[in-house]
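One structure is given here, and the rest of the page talks about it.
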Amino acid sequence: MDHKFKILIIDDMAVIRTILRVALYNTADMVPEQIYEAGNGKEALELLSKQKVDLIFSDINMPQMDGIAFLKELNARGIKIPVVVLSTVESKDKIIEAIKLGAIKFIHKPFHSEDLKEVIDKVILDK
């Protein structure tokens, strides 16, 4: 079965976006058709107005629009895309807030390839 899907990575650090991109291409049983990148929530919303994606990986701490504000804006706009929050944030309050706002999973950085594979398998195969 052919599963075509697109992913958006949101992180203010280009090196993290690159590491995540490489990990996604190398660890998943199903390779994404396209991976888009944004440096913050504001850039991500602009990209989402032009491109459809099936899954979003978002950092919490970013300039201009952080991951929490991004999740709030997705909800306000009625955009229903699964969001996985990745962060070094130790604050349980931020993690709980992200989950309450609709994030489907929290993955602590540094992440493991198995965590990414598990999310992709769950989200894409359950479609």
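Heads up, the sequence shown is in numbering that gives the first Met the number 0, so the first residue is 0 and it goes up one at a time.
We treat Cβ as the ideally placed atom computed from N, Cα and C, and that holds for glycine.
Span separating the alpha-carbon of residue i from that of residue j
i: Phe69; j: Lys5; result: 19 Å
i: Met29; j: Lys121; result: 11 Å
i: Asn60; j: Glu32; result: 27 Å
i: Asn25; j: Ile9; result: 19 Å
i: Leu100; j: Gly38; result: 20 Å
i: Ala75; j: Ile95; result: 19 Å
i: Asp92; j: Lys71; result: 15 Å
i: Asp114; j: Ile34; result: 17 Å
i: Thr17; j: Lys116; result: 17 Å
i: Glu36; j: Glu45; result: 11 Å
i: Ile123; j: Leu73; result: 20 Å
Residue of the options minimising C-alpha distance to residue i
i: Ala22; options: Gly66, Phe56, Asp65; result: Phe56
i: His2; options: Leu54, Lys91, Ile94, Thr87; result: Leu54
i: Gly77; options: Leu47, Val84, Thr17; result: Leu47
i: Met12; options: Ser112, Lys108, Glu45; result: Lys108
For residue j and residue i, believed in contact at Cβ under 8 Å, the rounded distance
i: Ile80; j: Val52; result: 6 Å
i: Ala102; j: Val83; result: 7 Å
9 Å Cβ cutoff met for residue i and residue j
i: Phe105; j: Ser86; result: yes
i: Asp63; j: Lys49; result: Inspection of the sequence shows that residue 63 is occupied by Gln rather than by Asp. Not a contact, by the Cβ cut-off of 9 Å.
i: Ile15; j: Asp65; result: no
i: Ile67; j: Ala97; result: yes
i: Leu7; j: Phe110; result: no
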